[in-house]
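Novice: My structure is below; once you've seen it, I'll send some questions.
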Amino acid sequence: MRFKAAFPTVFSVLGFILLFTPFQARSEVNAFGAPDCLKNNVGVLPVMNEQVLRWKKESKNQYKDRALIQGRSVRLIKTTKSHVHIEVQIGDGQKDQIEIIYNKEFGALPKIRGGMSIEACGEYITSREPAGGYQASPNGALIHWVHMNRKPGPGAHEDGFLVIDNVTYGFNPKAAQVPHFEFFQLPEWAAALAY
């Protein structure tokens, strides 16, 4: 009986909260806590190692596109004050590596060693020559923006993520300034009204 009495109140409160909570369309979250890798916030990308290797070999310097890769870490290229650079093997060939650049603002990574399972979703760039004040990638191509975007909107980078040994990095809602719906929980006082 108490539930029936509280029913309209709970849904009024829930409706108010949802109305005033910033919301960006997102896909389902997988078992590692990472979302699907979206392109144009609509289409779900498959793992595309072969396509990325074609871009690396055939596209012009500074070609950009959205990418999702899976592979194994080869080595830590370098760590700077703000970023971690990881070399990842994504094919069988001797030169089938790509550089993954992770922004430390989105959380610490584990110690990188060879053979770690890697999945990265972000912005692909062919980087054989220096451009825009940046050095060329030692691997000739890179994926960066492998973290969520704290300022989503028109023209903004799409969310990315990095999964290392089945743990997701770069998609921590606590690091974001804008709350996202799938991580939203009712406050205790609102949840208590349903009981």
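Numbering (our numbering), first residue to last: 1367 to 1561. No residue lacks a Cβ here, since even glycine has one placed at the ideal position from N, Cα and C.
1) Within 10 angstroms of its Cβ, does residue 1493 collect 16 or more other Cβ (buried), or is it exposed?
2) Which of the three DSSP states, helix, strand or coil, is assigned to residue 1527?
3) Measuring alpha carbon to alpha carbon, tell me which of 1400, 1401, 1537, 1402 ends up nearest residue 1470.
4) Measure the C-alpha to C-alpha separation of residue 1481 and residue 1532 and round it to an integer number of angstroms.
5) What span of residues does the alpha helix (DSSP H) with residue 1419 cover, start to end?
6) From the DSSP output, in three-state form, read off residue 1517 for me.
7) Using beta-carbon positions only, say whether residue 1439 and residue 1450 come within less than 8 angstroms of one another.
8) At 3 residues or longer, what runs of the beta strand (DSSP E) sit wholly inside the segment 1436-1491?
9) Hey, residue 1411 and residue 1457: beta-carbon distance below 8 angstroms or not?
10) Going by C-alpha to C-alpha distance, which of 1404, 1400, 1437, 1529 sits closest to residue 1468?
11) Label residue 1422 either buried or exposed according to how many other C-beta atoms from any shown protein chain fall within 10 Å of its C-beta, with 16 as the threshold for buried.
12) In three-state terms, what does DSSP make of residue 1411?
Specialist: Well, looking at it:
1) Taking the sequence shown and counting its residues from 1, the one referred to as residue 1493 is at position 127. Flag for residue 1493 reads buried.
2) The residue you call residue 1527 lines up with position 161 of the sequence shown. Three-state DSSP puts residue 1527 in a strand.
3) As a working mapping, residue 1470 is identified with position 104 in the sequence shown. It is 1537.
4) Against the sequence shown, residue 1481 aligns to sequence position 115. Against the sequence shown, residue 1532 aligns to sequence position 166. If you take the alpha carbons of residue 1481 and residue 1532, they lie about 13 angstroms apart.
5) Position 53 of the sequence shown, counting from 1, holds the residue named residue 1419. Residue 1419 -> alpha helix (DSSP H) spans 1415-1424.
6) As a working mapping, residue 1517 is identified with position 151 in the sequence shown. Coil, per DSSP.
7) To locate residue 1439, count along the sequence shown from 1; it is residue 73. To locate residue 1450, count along the sequence shown from 1; it is residue 84. Cβ distance not < 8 angstroms, so residue 1439 and residue 1450 don't count as in contact.
8) 1449-1455, 1463-1469
9) Here residue 1411 refers to the residue found at position 45 when the sequence shown is read from its first residue. Here residue 1457 refers to the residue found at position 91 when the sequence shown is read from its first residue. Not a contact, by the Cβ cut-off of 8 angstroms.
10) In the sequence shown, the residue the question calls residue 1468 occupies position 102. The candidate whose alpha carbon is nearest that of residue 1468 is 1529.
11) The residue you call residue 1422 lines up with position 56 of the sequence shown. Answer is buried; the Cβ neighbour count reaches 16.
12) If you number the sequence shown from 1, residue 1411 lands on position 45. DSSP places residue 1411 in coil when its eight states are reduced to three.
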